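Undergrad:
There are 2 protein chains.
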Amino acid sequence: MERQSFCFLFVQSTIHQIFSVSKAGPEQVSLKSIKITGAEIIDLRIPTSDQMLGSDPFHKMPDYSSAVLHLKTDSGLKGVSIVFTVGAGTDWICHGIQDLCQLVIGADLESLTESPITLYQRLIDHHQLRWLHDGVFRMAAGAILNAVFDLWAKAVRKPMWKLLVDLEPEFVVDCIDWRNIQDALTPEEALEILQRNRPALGRRQSDMQVQGPKAYCTAGWLGLSDQQILETIQNLQKQGFDSFKLKVGRDSEQDVERIRFMRDAIGPDCNLMVDANQYWGLEEAKRHIKRYLPFGLKWIEEPIARDDVLGYVELAETFKSASFGMACGEHAASPVIFKQLLKSRAIKYCQIDAVRVAGVNDIMAIVLMAAKYEIPICPHGGGIALCNMISHYGMWDQIAVAGHSETQLVEYIDFLQDAVEQPVKIQDGCYVAPTAHGWGLEFHPEFIERHRFPNGEVWKDRAANRKGAAFEVALK
Amino acid sequence: MERQSFCFLFVQSTIHQIFSVSKAGPEQVSLKSIKITGAEIIDLRIPTSDQMLGSDPFHKMPDYSSAVLHLKTDSGLKGVSIVFTVGAGTDWICHGIQDLCQLVIGADLESLTESPITLYQRLIDHHQLRWLHDGVFRMAAGAILNAVFDLWAKAVRKPMWKLLVDLEPEFVVDCIDWRNIQDALTPEEALEILQRNRPALGRRQSDMQVQGPKAYCTAGWLGLSDQQILETIQNLQKQGFDSFKLKVGRDSEQDVERIRFMRDAIGPDCNLMVDANQYWGLEEAKRHIKRYLPFGLKWIEEPIARDDVLGYVELAETFKSASFGMACGEHAASPVIFKQLLKSRAIKYCQIDAVRVAGVNDIMAIVLMAAKYEIPICPHGGGIALCNMISHYGMWDQIAVAGHSETQLVEYIDFLQDAVEQPVKIQDGCYVAPTAHGWGLEFHPEFIERHRFPNGEVWKDRAANRKGAAFEVALK
Chain H
1 MERQSFCFLF
11 VQSTIHQIFS
21 VSKAGPEQVS
31 LKSIKITGAE
41 IIDLRIPTSD
51 QMLGSDPFHK
61 MPDYSSAVLH
71 LKTDSGLKGV
81 SIVFTVGAGT
91 DWICHGIQDL
101 CQLVIGADLE
111 SLTESPITLY
121 QRLIDHHQLR
131 WLHDGVFRMA
141 AGAILNAVFD
151 LWAKAVRKPM
161 WKLLVDLEPE
171 FVVDCIDWRN
181 IQDALTPEEA
191 LEILQRNRPA
201 LGRRQSDMQV
211 QGPKAYCTAG
221 WLGLSDQQIL
231 ETIQNLQKQG
241 FDSFKLKVGR
251 DSEQDVERIR
261 FMRDAIGPDC
271 NLMVDANQYW
281 GLEEAKRHIK
291 RYLPFGLKWI
301 EEPIARDDVL
311 GYVELAETFK
321 SASFGMACGE
331 HAASPVIFKQ
341 LLKSRAIKYC
351 QIDAVRVAGV
361 NDIMAIVLMA
371 AKYEIPICPH
381 GGGIALCNMI
391 SHYGMWDQIA
401 VAGHSETQLV
411 EYIDFLQDAV
421 EQPVKIQDGC
431 YVAPTAHGWG
441 LEFHPEFIER
451 HRFPNGEVWK
461 DRAANRKGAA
471 FEVALK
Chain S
1 MERQSFCFLF
11 VQSTIHQIFS
21 VSKAGPEQVS
31 LKSIKITGAE
41 IIDLRIPTSD
51 QMLGSDPFHK
61 MPDYSSAVLH
71 LKTDSGLKGV
81 SIVFTVGAGT
91 DWICHGIQDL
101 CQLVIGADLE
111 SLTESPITLY
121 QRLIDHHQLR
131 WLHDGVFRMA
141 AGAILNAVFD
151 LWAKAVRKPM
161 WKLLVDLEPE
171 FVVDCIDWRN
181 IQDALTPEEA
191 LEILQRNRPA
201 LGRRQSDMQV
211 QGPKAYCTAG
221 WLGLSDQQIL
231 ETIQNLQKQG
241 FDSFKLKVGR
251 DSEQDVERIR
261 FMRDAIGPDC
271 NLMVDANQYW
281 GLEEAKRHIK
291 RYLPFGLKWI
301 EEPIARDDVL
311 GYVELAETFK
321 SASFGMACGE
331 HAASPVIFKQ
341 LLKSRAIKYC
351 QIDAVRVAGV
361 NDIMAIVLMA
371 AKYEIPICPH
381 GGGIALCNMI
391 SHYGMWDQIA
401 VAGHSETQLV
411 EYIDFLQDAV
421 EQPVKIQDGC
431 YVAPTAHGWG
441 LEFHPEFIER
451 HRFPNGEVWK
461 DRAANRKGAA
471 FEVALK
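From first to last, the protein sequence lines are chains H and S.
In this text, residue positions in the first sequence follow full-length UniProt numbering: the first is 1, and each later residue adds one.
In this text, residue positions in the second sequence follow full-length UniProt numbering: the first is 1, and each later residue adds one.
#1: When you compare the CB of Q51(S) with every CB in chain H, is at least one pair closer than 8 Å?
#2: Pull up the DSSP beta-bridge partners for P159(S), would you.
#3: Name, in chain order, the residues that DSSP records as bridge partners for M326(H).
#4: Please list the partners that M61(H) has in chain S, where partner means a Cβ-to-Cβ separation under 7 Å.
#5: Could you give the DSSP three-state label for F319(H): helix, strand or coil?
#6: Please tell me whether W92(H) has its Cβ less than 8 Å away from any Cβ of chain S.
#7: Using the C-alpha atoms, what's the distance from A419(H) back to L53(H)?
#8: Between the C-alpha atoms of Q28(H) and A305(H), what's the straight-line distance to the nearest angstrom?
#9: For G135(H), which beta-bridge partners are listed by DSSP?
#10: Hey, would you say the C-beta of A155(H) is under 7 Å away from at least one heavy atom of the ligand ADP?
#11: Give me, in chain order, the residues of the same chain whose beta-carbon lies closer than 7 Å to that of L112(H); leave out the 5 immediate sequence neighbours on both sides.
#12: Just checking: is the beta-carbon of S111(H) within a distance shorter than 8 Å of some beta-carbon in chain S?
#13: Within 10 Å of its beta-carbon, does T37(S) have 16 or more other beta-carbons around it, so buried, or fewer, so exposed?
#14: Using a Cβ distance threshold of 8 Å, determine whether the region 124 to 143 of chain H contacts the region 187 to 195 of chain H, with at least three qualifying pairs required.
#15: Would you identify the three-state DSSP class for Q427(H), choosing helix, strand or coil?
#16: If we define contact as Cβ-Cβ less than 8 Å, is T48(S) a contact residue for chain H?
#17: Would you list, in sequence order, the uninterrupted alpha helix (DSSP H) runs of no fewer than 4 residues that lie entirely inside the region 215 to 240 of chain S?
#18: With distances taken from CA atoms, which of E284(S), G96(S) and K343(S) is nearest T318(S)?
#19: Please look up how many angstroms separate the CB atoms of V336(S) and N180(S), rounded, as I've assumed it's under 8 Å.
#20: If you compare alpha carbons, which of G359(S), R356(S) and M326(S) is closest to C350(S)?
#21: Within its chain, find whatever has a CB closer than 6 Å to the CB of M389(H); leave out the 5 residues flanking it on each side and keep chain order.
#22: Using DSSP with H/G/I as helix, E/B as strand and the rest coil, what is L272(S)?
#23: Taking all protein chains shown into account, do 16 or more other C-beta atoms lie within 10 angstroms of the C-beta of D63(H), making it buried, or fewer, making it exposed?
#24: Should L315(S) go down as buried or exposed, given a rule of 16 or more other Cβ atoms within 10 Å for buried?
#25: Skipping 5 residues on each side, what residues in its chain have a beta carbon closer than 7 Å to that of I289(H)?
#26: What's the gap between the Cα of E472(S) and the Cα of H444(S)?
#27: Whole angstroms are fine: how far does the CA of C430(S) sit from the CA of F241(S)?
#28: Mind checking if S344(S) is an interface residue toward chain H, Cβ cutoff 8 Å exclusive?
#29: Leaving out five residues on either side along the sequence, give the residues of the same chain with a beta carbon under 8 Å from the beta carbon of K35(H).
#30: Please list the terminal residues of the continuous beta strand (DSSP E) segment that includes E253(S).
#31: Is V29(S) close to chain H? Criterion is C-beta to C-beta, closer than 8 Å.
#32: I'd like the span of the beta strand (DSSP E) that includes G38(S), first residue to last.
#33: Would you tell me roughly how many angstroms separate the C-alpha atoms of S66(H) and V256(H), rounded to the nearest one?
#34: Could you check if T435(S) is buried or exposed, using at least 16 other CB atoms within 10 Å of its CB as the buried criterion?
#35: Using the C-alpha atoms, what's the distance from A346(H) back to G382(S)?
#36: Give the range of the alpha helix (DSSP H) segment to which L71(S) is assigned.
Take a look at the structure:
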């Protein structure tokens with residue numbers, strides 16, 4: 001009830017109006033009237049390692065997990081965000097989020113959204129916390145920012161993509177931390193990119209609501225037999241997919257055989273990508289990748305370390321005549337790393353992750369840099385509910401930043417979609433445009449209760465076996 | 001008593017002997033007999049922001065702090081390590097160390113030291129924790145590794161530098177994670193570097209025991225008046241210093257005036273360095289640095305973001321004819337970042353930090369890469385007891401890796417040295433070779449009790465005011 005009466009105030013407002021009347025008017029009062037009263041941080045873990053789901057050479061037995069943040073308000077609305085991890089370590093991030101929540105509890109929503117760079121800088125440039133570098137710190141900061149954006153989108157009754165699309169170009173530019181990236185993209189260039197898409201915004205939005213971002217899927221998991229891979233491909237093709245990924249990395253001979261097998265199975269016209277999950281050193285990567293030249297691959301994903309920029313530059317040069325380009329970003333921890341990969345054109349596909357960098361603000365910077373260098377945004381999906389988030393970024397990019405859908409592919413993995421109230425949908429190989437307000441990250445309450453670590457039903461008898469660092473698996 | 005009788009067993013052993021008899025013999029039994037029985041992790045914070053000590057444009061009110069790890073054993077020996085931070089955030093690292101301790105509690109010392117890469121990989125490549133990236137995770141892992149090395153050095157009754165110097169070259173090479181750095185340095189090249197220094201090891205060691213690594217000091221803190229800076233310089237010159245650093249970053253006009261003032265004060269023959277603490281973007285850095293050309297500076301420290309490798313490459317090219325080179329590393333979070341800065345020769349001074357990367361193993365990799373590219377190791381000091389650690393790395397580098405002392409400068413800051421039982425000593429502007437066993441990181445017990453956060457004497461009445469993220473200071 002409380003929620004309905006609140007929403008009524010906003011039903012006819014647009015985000016434009018909210019900003020254009022930011023000094024006065026009923027909308028301002030209403031955003032201002034939403035106060036953050038508290039936070040619940042949930043260590044949510046799914047024992048996916050029971051089935052070896054999502055394993056790769058480094059992450060041999062992942063338990064897909066999320067630090068889930070619920071920002072509570074006095075309005076009945078709840079701001080939700082997640083930080084995906086692969087099990088142990090979720091508590092590290094929960095600890096950080098708990099600390100950072102102090103910066104938003106007690107604030108009203110208007111004070112946080114009228115200038116999102118202010119909250120961003122309070123977090124990322126915190127005079128005592130910035131020492132903690134990227135990783136846990138930046139991911140925890142992202143959780144705060146993303147939950148505030150979720151609350152904002154819910155308050156104005158829009159899916160996240162629509163909130164972003166409707167922001168004035170000047171406002172988007174003001175969301176970005178420009179300190180370290182202006183050699184790659186200036187605020188003026190960012191503004192120009194956003195403004196040149198304005199005339200077609202209505203048409204692009206309508207088009208994308210009919211058919212959302214084109215998706216791709218991994219069919220070649222390391223643990224699967226040839227027969228299982230064939231079945232996976234057939235199943236995906238029935239859903240309209242024509243782009244498939246294959247995990248590689250360890251045995252060069254087996255990898256080449258599997259690439260050949262996949263190419264034969266999908267035919268010459270489908271997209272085929274491979275993912276090495278950072279398993280190789282630079283020279284090792286060259287040796288492996290040279291053997292992939294005959295198969296018309298689209299991209300080589302994470303052939304080397306996540307932040308080896310000069311390594312990527314060298315790979316791009318080595319394979320400049322190949323059908324494929326390099327792809328990475330899933331583990332790139334900040335806009336500074338992305339800046340270098342994009343400006344140097346060392347990567348041909350920019351794989352943003354929705355929760356490794358500091359929230360919407362960092363993603364805005366990265367997507368705009370990618371647009372300048374005409375490098376398609378191909379977000380990393382999977383995990384728990386990452387696809388729910390990246391569908392919004394795909395929409396925003398393809399409507400308002402890149403402004404087209406010709407080169408982008410958004411990852412799709414159907415794991416664990418039954419955990420959320422608003423599962424992502426695929427139609428004809430494309431995402432269906434999300435319609436729920438905010439990110440659409442609401443988990444079923446009973447799912448949360450069952451999977452709370454270490455005391456939920458799923459864990460209580462065996463949490464001790466998978467407790468933190470003690471749950472080990474040798475790399476080889 | 002327990003400790004004395006234990007030490008007696010080792011008094012005549014050398015680390016060589018321990019390894020050469022690693023399959024049998026009394027020494028092996030003895031290392032094996034030391035079992036890690038538990039860990040105490042201490043959130044130690046000093047309210048240095050009361051006096052604005054150590055502030056810079058980003059870290060405006062640092063409370064110098066350390067996550068202190070005490071690994072307890074059944075032998076009476078204690079393995080000690082620290083992770084320095086600037087206040088809030090110490091608890092984040094303590095949380096991580098607590099988790100990782102599970103990997104060493106219950107182990108005997110031999111099992112951890114006979115192949116240090118095994119422990120390193122169990123930490124850094126942990127199949128569920130590596131997702132956490134660098135920063136908190138890598139720093140916490142470093143705490144474990146450094147405490148184990150401390151225990152080892154104490155068990156064999158050597159200062160850390162001597163333990164490192166005495167390791168067989170092959171053993172050092174086997175301590176290193178080679179996955180991502182072999183394009184810059186191969187294991188064979190590392191071995192060759194270490195072996196070529198072997199003939200002069202005895203002489204170099206004797207020389208360095210007479211006069212340790214040459215030190216430099218910051219005289220130009222942002223908050224000081226001209227008169228205070230003059231007094232600081234005079235005081236340092238009396239101690240034999242001829243190399244001085246100055247903080248810059250905000251007001252270009254004031255910075256240039258201060259550089260001129262410092263140069264006049266110290267004369268043309270002393271080394272003068274400036275430190276911008278990452279405050280600038282790339283183009284901004286160029287504008288500032290161009291104005292510094294006339295002053296015969298030695299280095300420009302952290303002009304841009306800590307991991308902007310291509311930015312450093314561009315700065316090196318822009319200022320290739322200048323008297324100065326670029327220096328960074330204090331905030332470089334992994335050997336992969338160092339690899340790029342060194343291989344590209346973008347930096348001329350390699351400023352390792354003792355606790356940001358994953359312990360001795362990562363430092364070995366970085367120091368050896370620097371030696372190959374003939375880039376001097378000029379470690380970052382200060383904080384709490386960082387100088388105690390880097391004096392060992394300076395010794396090891398200048399005896400066994402670079403094998404000379406001609407180009408290196410090791411930072412020295414005398415803050416908080418009264419907190420430790422073995423304060424570093426300076427003589428004729430050089431460190432005095434440490435003689436205490438291990439790192440020499442023992443804090444006075446009463447200092448620890450007074451400064452435990454949040455319940456120590458110093459904090460109990462005001463911890464609430466500086467609690468975590470809530471202790472804010474605006475950046476500008």
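Backbone N, C-alpha and C define an ideal beta-carbon position, used for all residues, glycine too.
Fair warning: this is a prediction, and the values are worked out from it, not measured in the lab.
TA: Quick look at the numbers:
#1: no
#2: Per DSSP, G438(S).
#3: Its beta-bridge partners are I300(H).
#4: Neighbours of M61(H) on chain S, chain order: H127.
#5: Here F319(H) sits in coil by DSSP.
#6: Yes - at least one Cβ of chain S is within 8 Å of the one on W92(H).
#7: The straight-line gap separating the alpha-carbon atoms of L53(H) and A419(H) is approximately 16 Å.
#8: Note that Q28(H) scores a pLDDT of 40, beneath 50, so its modelled location is shaky and nothing firm can be said.
#9: Residue pairing for G135(H): DSSP places it in a beta bridge opposite G135(S).
#10: You won't find the ligand ADP in this model; it holds no ligand whatsoever.
#11: V104, L119 and V148
#12: no
#13: exposed
#14: no
#15: Assigned with DSSP and collapsed to three states, Q427(H) falls in strand.
#16: no
#17: 226 to 238
#18: Considering only alpha carbons, the answer is E284(S).
#19: 5 Å
#20: M326(S)
#21: A354 and W439
#22: strand
#23: Classification for D63(H): buried.
#24: buried
#25: Excluding residues up to 5 positions away in sequence, I300, P303 and F319 lie with their Cβ nearer than 7 Å to the Cβ of I289(H) in the same chain.
#26: Answer to the nearest angstrom: the Cα atoms are 30 Å apart.
#27: 8 Å
#28: yes
#29: T73, D74, S75, G106, A107, D108 and L109
#30: Looking at the DSSP string, E253(S) is not in any beta strand (DSSP E); the run it does join, the alpha helix (DSSP H), is S252 to I266.
#31: Bear in mind that the predicted position of V29(S) carries a pLDDT of just 43, short of 50, making it unreliable; the figure below should be weighed with that in mind. No - not a single Cβ of chain H is within 8 Å of the one on V29(S).
#32: I36 to R45
#33: Between S66(H) and V256(H), the C-alpha separation is close to 34 Å.
#34: exposed
#35: 38 Å
#36: No alpha helix (DSSP H) contains L71(S), which is instead part of the beta strand (DSSP E) from S65 to T73.
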